[in-house]
Amino acid sequence: MRSFLRISGVFFAVVALASCAKKKDFATGGKKPQGPLAVDGFVVSARSISEKIEVPGSLLPFEETPIRAEVGGRIVQLNIKEGGLVQGGTLLVKLFDKDLQASLHKLEVQLQIKQKTEERSNELLKINGISQQDYDLSALDVENLKADIESTRIAISKTEIRAPYTGRVGLRGISLGSYIAPTDIITTLRQVDKLKLEFSIPEKYAKEIVAGYVVTFMVDGGKDYHRATVMATENSVDANTRTLKVRATVNENHRELVPGVFAKVNLQLGKDDQALLVPTQAIIPTARDKQVIILRKDSASYTVVETGIRDSAFVQIVKGLKVGDTVITTGLMAIRPNAKIKVMRVSSQK
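The sequence shown begins at 1 in the numbering used here and counts up by one.
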């Protein structure tokens with residue numbers, strides 16, 4: 001009996017020890033403490049970047065002038081070949097002017113008579129045959145006729161419509177013998193040996209576009225890129241669209257460059273030679289701000305940043321980082337503030 005009790009006591013002691021051991025294992029989770037989390041990092045460095053934007057534009061003739069008559073009249077001569085090239089000063093249209101020519105001839109005859117009268121009056125004045133006042137009236141008649149002749153010649157010149165510069169004429173809207181008024185457009189003259197490119201840019205880039213800035217563009221349906229040099233900008237931003245109008249001179253001639261066509265204009269703006277870039281996946285967006293995780297003495301440090309220009313691979317950091325910082329790029333969801341981390345692989349932008 002005593003032997004049985006002794007054996008039973010030993011058995012219960014072993015069971016109690018085993019139970020305590022299991023409780024200890026359960027309390028500690030039965031696992032060994034974890035080490036630092038393995039991650040990849042990116043070393044921040046200064047790079048030169050610029051933002052590429054594309055805006056719509058239009059090609060324009062370098063000069064474009066609707067051809068009108070200064071006075072009304074009947075067309076007696078028409079020298080317009082539609083689509084043809086004309087030199088500056090070429091007579092395009094002649095209006096009826098025979099009535100003006102007759103008036104001019106009459107005035108010229110009257111002038112000859114008055115000039116002879118003025119000469120005789122001058123001789124009489126020398127011998128006191130007439131008064132100074134009488135001579136002055138004769139001289140005044142001569143000057144008045146000269147002014148009338150000049151006025152008539154100007155009226156005749158207005159019946160001649162000439163090309164103001166070398167260019168290509170468009171379609172005409174009148175015919176020989178038609179009566180036209182000053183409001184009628186006869187045709188349109190365009191200087192097409194040179195072209196202008198017109199486009200608008202967002203107001204935040206207004207200070208970057210200056211005379212001499214070079215842009216590239218492609219016309220709708222075209223295959224090649226072309227270049228244009230900015231010659232001027234509007235002197236204020238459009239209050240409705242918040243854009244600035246820009247005009248550039250096209251630097252080349254090409255058969256696909258036709259006035260009026262649509263163009264896609266490419267610009268490199270917002271250039272920064274000391275920009276800090278990090279991989280896009282390193283940015284952690286939150287409801288209030290954007291953050292990155294930085295390596296600080298083998299620990300994770302969450303830092304708020306301000307971003308700028310971005311592309312498919314990198315994003316510019318405007319505020320919050322400095323050159324040499326190591327930004328974590330993998331395992332972001334598993335890293336808690338001040339957690340121990342170990343960077344297994346470090347990369348940088350070259």
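Every residue, glycine too, gets a C-beta built ideally from N, C-alpha and C.
Taken through DSSP and simplified to helix, strand or coil, Tyr135 comes out as helix. DSSP places Gln191 inside the beta strand (DSSP E), whose first and last residues are 187-202. CA-CA distance, Ser301 to Pro259, rounds to 58 Å. Taking a C-beta distance under 8 Å as the contact criterion, Leu189 and Val142 do not qualify as a contact pair. Look at Lys126 here: in three-state DSSP terms it is helix. Non-local beta-carbon contacts of Tyr205 in its own chain, meaning distances under 6 Å to residues more than five positions away in sequence, involve Leu269 in chain order. Sixteen is the threshold: when 16 or more other Cβ atoms of the shown chains lie within 10 Å of the Cβ of Ala263, as they do, the residue is buried. Under the 8 Å Cβ criterion, the region 70-89 counts as touching the region 156-169, having at least three qualifying pairs. Shortest Cα-Cα distance from Lys194 to any of Ala334, Val278, Pro337, Phe62 involves Phe62. Under the three-pair Cβ rule at 8 Å, the region 45-61 counts as touching the region 266-281. According to the DSSP assignment, Met231 belongs to the beta strand (DSSP E) that extends over 226-233. Contact check for Ile149 against Gln101 fails: the beta carbons are separated by 8 Å or more. Around the beta carbon of Tyr135, 16 or more other beta carbons sit within 10 angstroms, so the residue counts as buried. Among the bridge pairs identified by DSSP, Ala263 is matched with Gly57, Val219. Under DSSP, Phe42 shares a beta bridge with Val327, Ser347. Sequence-distant Cβ neighbours of Thr330 in its own chain, meaning closer than 7 Å and more than five residues away, are Val39, Asp40. In this structure, Val305 sits away from Phe42, with a CB-CB distance that is not shorter than 8 Å. Between the alpha carbons of Gly320 and Thr280 lies a distance of about 15 Å.
By the Cβ rule, the region 51-60 does not count as touching the region 329-346, because fewer than three pairs are nearer than 8 Å. Around Met218, the same chain offers Tyr225, Lys264 as residues with beta carbons nearer than 6 Å, after the five sequence neighbours per side are excluded. Distance between Leu95 and Gly89, taken at the CA atoms: about 16 Å.
Counting only the Cα atoms, Glu64 lies some 17 Å from Gly173. With a cutoff of 8 Å on beta-carbon distance, Ile185 and Leu244 are scored as not near each other. If you ignore the 5 residues before and after Met344, its C-beta comes within less than 8 Å of the C-beta of Ala38, Val39, Asp40, all in its own chain and listed in chain order. Annotation: the continuous beta strand (DSSP E) that includes Arg162 extends over 160-162. DSSP places Thr307 in the strand class (E or B) of the three-state scheme. Ranked by Cα distance from Glu252, the options Gly221, Phe199, Val192, Gly308 are led by Val192. In the three-state reduction of the DSSP assignment, Glu208 falls in the helix class.
Linking Asn266 to Glu51 through their CA atoms gives a straight-line distance of about 10 Å. The beta carbon of Glu118 is closer than 7 Å to those of Ser138, Ala139, Val142 in its chain, skipping five residues each way along the sequence. For Ala248 against Val210, the beta-carbon gap comes to about 11 Å, at or over 8 Å, which does not count as contact. Ser151 has its alpha-carbon roughly 33 Å from the corresponding atom of Lys126. When C-alpha distances from Asp97 are compared across Thr233, Glu123, Ile154, Ala163, the shortest belongs to Ile154. Less than 8 Å separates the beta-carbon of Gly72 from that of Ile180.
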